[in-house]
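Below: one structure, written as structure tokens.
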Amino acid sequence: MAVELDVFVGNTTIMDEEVYQLWLDGYTVNDAVKVRMEGGVMEECEASADVLLSDTMDQYRTFQMCERLLHSPAKLANQLLFQIPPNRQAILIERYYAFDDAFVREVLGKKLSKGTKKDLDDIGAKTGVTLKSCRRQFDNFKRVFKVVEELKGPLVENIRQHFLLSDKLARDYAAIVFFANNRFETGKRKLQYLTFQDFAFCAGQLINNWTVGAVDNMVEDMDVDLDKEFLQELKELKILITDKDLLDQHKSLVCTALRGKTKAFNEMEANFKNLSRGLINIAAKLTNTKDVRDFFIDLVEKFIEPCRSDRWTAADMKLYLTHYTNSAHILDTFKHQVVWDRYMGVIKSCIFKMYHD
Amino acid sequence: MPGKLKARIVAGRHLPVMDRASDLTDAFVEVKFGNTTFKTDVCPKSLNPQWNSEWFKFEVDDEDLQDEPLQVTVLDHDTYSANDAIGKVYIDIDPLLCSEAASVISGWFPIYDTIHGIRGEINVLVKVELFNDLNRFRQSSCGVKFFCTTSIPRCYRAAMVHGFVEELVVNEDPEYQWIDRIRTPRASNEARQRLISLMSGELQRKIGLKVLEMGGNAVVGYLQCFDLEGESGLVVRAIGTACTLDKLSSGSAPNTNTHMHPNTAPASNACNSPSKDGKEPVFGEDLLSSSGPPTPFRALPTSSSSPPPFSPSKPCSRQSSSSDTDLSLTPKTEKAQPVRRRPGIFLCPSSPTLSTDTLSLPGSGSVGCGHGSAPRATTPPPLSSIRSDSALLRKSVSFTEDLLLAASGMGSGGSAGKEAGPLKTLLRQQTQTALEQRGASSSGLLLNAREFPFFTLTSFPPGFLVHVGGVVSARSVKLLDRIHNPDEPETRDAWWEEIRQEIKSHAKALGCHAVVGYSESTSICEEVCILSASGTAAILNPRYMREGCLDMGITDHRFEEPSPPSCGFCHIPYDELNMPFPAQLTYCYHCRRQKVPDVLFTTIDLPPEAAVTGKGCLIQARLCRLKKKAQGEVNATAISNLLPFMEYELHTQLMNKLKLRSMNALFGLHIQISVGENMLLGLASATGVYLTALPAPGGIQIAGKTPGDLSNEQHILTIQKRINDTIAKNKELYQINPPKLFALDPEVFCGINMELTEEVVGSPIPDPRQRSRLFRSHSESSDEVSELDLSHGKKDAFVLEIDDTDAVEDIHSLLTDAPTPTGFYSCNTEVMPGIYNWTSGVQMFTSVRVLRLSNANLTNQGLNKIFTDLCENLLKSFYFKLRSMIPCCLCRLNFTVAVPEEELIQVAVTAVAMTFDKDQTQEKPAEKAITKGCSETEDQLQFPLELCADASSANNQPSSKISGVPETTNVSSRVSSLDRSSPLPEGRSRSLRSNRSFAGGSVTVVKMTPLSFLPGTRIIKYLGIINMFFIRETSSLREEGGVSGFLHSFIAEVFAMVRAHVAALGGNAVVSYSMKECVFMENPNKNQAQCLINVSGDAVICVRETDQEPIPSMTNIGQTCTSGTDGAT
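Residue numbers (the working numbering), protein chains in the order written: chain A, 2 to 358; chain R, -2 to 1126.
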């Protein structure tokens, strides 16, 4: 005796959020049943394990059928097959495109290619995310990447419109796409302490300030790629470290402003030239794709680590960078104020975000 | 040239990729009606093509308009090879032919392919210009309205009820034609879909013609079924109730058409309609019946000389002429009677008892079963006493039948006629030449209605239903043969005619002149077919009837003293002194003026005005019977022999379960017997209630065979205690607290407190018989238990004897029905007796389960257990899945069982879960109010409802777990911007767009329900009947997720197509939805499966109840408006 066929179809599609999450998390039907049993649903309405199994299978089937639609969420709203109230649709989409920070941290900046996909089982094992869920998340990244790659207009807005995601999630996807496109190195040991949210924040800064779209939002590809002209102009900043006078002048201005305001003043004064060289060199090298990739590792090595070893507090860091940026404006021989602001604005907020344990 | 059909193809979307190279599709559309085809241009390289075609115009007969669907085929243009079909849309244009229904069809339809399912959508506009046809010989019946709803549709009132209409058409099944061997599965499926669509159209047209003949303008309770007879063909048949309906103007009558209860529609108005109380001309059978006493069959042993008024079966003479099946069933015995078994049965409204002294046990019943129509009269296995009667009966019958035929002249069916056009020759029921029909039908049809005073309605305007006798049913086993035997074109008609005659005679025996809640069904396995019909014998108020429709002769006296509506229908219609079966009558516990039976079984819905104590619940009896595999007649005979036993056992089960719940009446009783190769399945479903007017049911008494055995007695005591506990628990659960005066709890009834019993029962009812019965029951419970015999046991139906393990099993199974979880109620009627305050949550669902029996050596008991568990588990699953809707009630739980192949049991269920307001479930409008005017009582049950407001309610709701998603509004606006592809400017789109749920959304929310109403809403327009037939086939079963995946998506697709058609008609809901057929076949080894689904319902526009003026008189009842909980998730 065996149940050969067992289906339940509602005119309004019935979806249990808990089961949906289990499905998204890549649980097998049997594992999902176990989790649900432990969750105590059975006591709640006098159900048996059979009932739970049957319900779980039904739901899994429904989700599998919906999955095709979820790949292009706009279709979900005007498809006829499933009658799903709009608020449910939004939940379905949002959850489908949600991802594990642990997972995304592993693939951030990697090429969204078949090769990476092959490594997913390793990543899964490392992060404790099931392979199935890894695949879904990876495919989501790839799908979003492919769609927005060819679109004009602001990146976040494009993602939100095409995938009907919430603003927050759309921004995260923008970060993922941006990282994947520029192949930023995030996997080095020194960067391990940074969370996805740290990177996402930085990505947002870069997208908003360093891309073509940041100045002109009707240009193709504008949000995904860094503004080449700007990167060229960054070379001009070198004058701040190559011109001895300028460097000294800059240092004295900063030190004057900082004196007495922080305990770390001595270290700041001692390290000023090193730190300034570090930041300016990063700027000057960004025309090389290779160096773009190393942007974050450079920031950490050239700036964050020295500061940390000198035990700067976050407040110290803020103080220092503010004065460091502002003082450059007072330098009368320094003509690249606009580029400087555009550069330092991002650097400042990125470093603020990244300066933690 | 009475009609011009115009169609325009606007656009497509979400088309599948047909060209792998470009990942695009070059789509064009063929629009076909009849033999005319138009094509659109090819829209190259697009998955969202915009055709914006011209109007394609078809100039056609209105007859064709009724029969044919508009066929829209989407194809992929291919320069070098044949164009590939993407899929099709069949659009039934019938709703456009009725001025009151839809005026245009416009919307997105899913493009359906029988192999691939839904493949994108197409936007189509259809209009019809109809010219008046004054030709009185016309064959069309445009304008007749059809309703699946089995009550007078809201927003109409019944000016007159004309009576029964039926028709059937027959054809060869394309699946079994030789050509099927060479054509593709797709072509074959499409041929079948198209044919059935054609046949349905034709059937509807013909029924419409009959209605026009009768002077009606609508068919209510239209029930259309398919019999897939395999090799022998395809039958499409339909029955319904012809009515003359008047539309209520929506402004003037919000009160009459907004009831929560479906049944109270045009009550008071209808009374004023010109009604005729005059006597109708007396026809042949009346003459006969008046010559003898109106004798119920049970009385025949004593008065067998008087010919019964109705023949229970065809006379011998006629049988010989229709020999194709009947003869084949005749066993080679010396008996001259045909063995066509007619285990027709009254499910006696009281207990399944016979006051017989000679009782043959089911085991020994085989003797009686060899016989003619022996078990026809009553439930139990054939009795020797009846056996002799049947012979007599048969003789007398043949005589009657001849007379009757003579009287009916041209006959009732219009099933003559030989010549016709090539297409029409396919159809058995050829249209007679117009003149012939004109001449014959006016008398013939009237006679038909008169001949079969049947009503497919299950609920009625107040005052319509006077008395209810009980359930009448008839079954007949037939061997299928090819239909196209030119000499016997009317076999199927004749079969049904027989059954109907029998039903009629049963009703007559119950002293009733009409059958309400009437339905017919078949079960087919290979060449064997069980035809079943059942209904409720009743006496109706002739004021609503067309003259001559009912046979009033002997019942007039019953109208003299009007009974209170809350109990009147329970009063016995038959003669107390000459009862058709032994029932224990008492004076009505409500009005105490007239007699009522102790138990009442019916197939109708609970009349809204009925006084009920507590709540009702679903009661099911389930049964499996193994049978040997056999062929032909042997098989048919074996099945015939089993049927009466099954009916009897189902009935006993029902009765016991009813008592176990301390209830005394069943409504909506539906007994399905399904035949398979090696087993028969029986499933009886009904809703049990405690009718205040009927006496309290007794308890259940357990008796043992061997009193000496101590351990056994101990065992019996334990069981007895469990039963008593269960009864007590159920009383609490269903809130059955009858007025104390009448309370007869089991202990009292068993005589523990004799004095009280006597006093209590005796005081209102000074009936010596009652008292004696009580004494007897006392004696049963005492030391004489061991001497109980079966007759005793059956007589009171509450003594269960434990004499062997089977009996123990039975009792256990009785007790294993799991109670519904807290917060849930279930019933198979329209609404739950005892719940009156529905809120907005509505979730219609279909569930199908197929069980494979792996063990070949199963016993009947084992099978029973499996089958019972299957049904119980299904219910449990529903409760679990719908737990978010608590408190809620599953209404119209419709179980359909089948044995698709050996060792497979299939159960399909369609039902609706509806939320209600928990705090007010207790209240039932006070009885005074009911008697005063029940039509008003429901009006205050108006809830600010979100029929179409999932969205708005959703936005207000904090979305439960996900905090980051209060995004719905944004999402929606974006959706709307994406929907620009819709070529229809908002302004031009239909009225429904204005009240659709979600301003920005492109898909109309369409609610579906098997009920005739949606709680909290008002139906303002009926748009026409939805009757759709789909086939889906796959040869990649595994890839589609196995059988479950395959069927799951198919059912979802069917829902989607129904919704799309309703939305295109301008509607936003389907009421009286039902899945008539779900035939599933699989061949996992070949990775193949096929499924056929037939669904029907009424497309409607409904609006939220907003214009409520609280009814001041009813405020004391405490029913206030409650905001709907958004239970439907």
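All residues carry an ideal CB built from backbone N, CA and C; glycine is no exception.
At a cut-off of 8 Å between C-beta atoms, residue 12 of chain R does not count as an interface residue with respect to chain A. For residue 835 of chain R, the uninterrupted beta strand (DSSP E) segment begins and ends at 835 to 849. Residue contact with chain A for residue 832 of chain R: absent (no Cβ-Cβ distance below 8 Å to any residue of chain A).
Counting along the chain, residue 353 of chain A sits inside the alpha helix (DSSP H) bounded by residues 338 to 355.
In this structure, the CA atom of residue 113 of chain A is about 29 Å from the CA atom of residue 349 of chain A. Of the candidates R:601, R:563, R:197, the residue whose Cα lies closest to the Cα of residue 452 of chain R is R:601. Shortest Cα-Cα distance from residue 841 of chain R to any of R:820, R:897, R:833, R:912 involves R:912. For residue 330 of chain A, the uninterrupted alpha helix (DSSP H) run begins and ends at 315 to 331, by DSSP. The alpha-carbon separation between residue -1 of chain R and residue 1072 of chain R amounts to approximately 34 Å.
Relative to the Cα of residue 23 of chain R, the nearest Cα in the group R:96, R:71, R:1076 belongs to R:71. For residue 236 of chain R, the closest alpha carbon among the candidates R:164, R:51, R:197, R:178 is that of R:164. When C-beta distances to chain A are compared with 9 Å, the residues of the region 826 to 850 of chain R below that value are 839, 840, 841, 842, 843, 844, 845, 846, 847, 848, 849, 850, in chain order. If you compare the alpha carbons of R:537, R:1066, R:1076, R:1074 with that of residue 13 of chain A, the shortest gap goes to R:1066. Contact note: residue 118 of chain R reaches chain A through 79, 80, 81, using a C-beta cutoff of 9 Å and chain order. Close partners of residue 823 of chain R in chain A (Cβ separation under 9 Å) are lacking, with about 14 Å as the shortest Cβ gap.
Around residue 143 of chain A, the same chain offers 113 as residues with beta carbons nearer than 7 Å, after the five sequence neighbours per side are excluded. In this structure, the alpha-carbon of residue 191 of chain R lies about 18 Å from that of residue 178 of chain R.
Residue 286 of chain A carries a helical assignment under DSSP once its states are collapsed to helix, strand and coil.
Scanning chain R for C-beta atoms nearer than 9 Å to the C-beta of residue 193 of chain A yields nothing, as the closest lies near 27 Å away. Listed in chain order, the non-local C-beta contacts of residue 102 of chain A below 8 Å within the same chain comprise 196, 197, 198, local neighbours out to five positions each way being set aside. For the region 56 to 68 of chain A, the residues whose beta carbon sits under 8 Å from a beta carbon of chain R are, in order, 56, 58, 59, 62, 63, 65, 66.
Neighbourhood of residue 1042 of chain R in chain A, by CB distance below 7 Å: 62, in chain order.
At a cut-off of 8 Å between beta carbons, residue 145 of chain A makes no contact with chain R. Think of a sphere of 9 Å around the beta carbon of residue 1038 of chain R: the chain A residues whose beta carbon falls inside it are 62, 65, 66, in chain order. For residue 76 of chain A, the nearest CB of chain R lies under 8 Å from its own CB, placing it at the interface with that chain. Less than 8 Å divides the Cβ of residue 118 of chain R from the Cβ of residue 81 of chain A.
Across the structure, residue 106 of chain A and residue 21 of chain A are spaced so that their CA atoms are roughly 23 Å apart.
Closest in C-alpha terms to residue 580 of chain R, from the list R:595, R:45, R:588, R:568, comes R:595. Rounded to the nearest angstrom, the gap between the Cα atoms of residue 675 of chain R and residue 583 of chain R is 45 Å. Rounded to the nearest angstrom, the gap between the Cα atoms of residue 66 of chain A and residue 1046 of chain R is 8 Å. If you draw a 10 Å sphere on the C-beta of residue 228 of chain A, you find 16 or more other C-beta atoms in it, and that means buried. For residue 729 of chain R, the three-state secondary structure derived from DSSP is helix.
Going by C-alpha positions, residue 647 of chain R is about 7 Å away from residue 679 of chain R.
Among the residues of chain A, none has a CB under 7 Å from the CB of residue 892 of chain R; the nearest is roughly 14 Å distant. In this structure, the beta-carbon distance from residue 459 of chain R to residue 510 of chain R does not fall below 8 Å.
Any Cβ of chain A closer than 8 Å to the Cβ of residue 678 of chain R would place that residue at the interface, and such an atom is absent.
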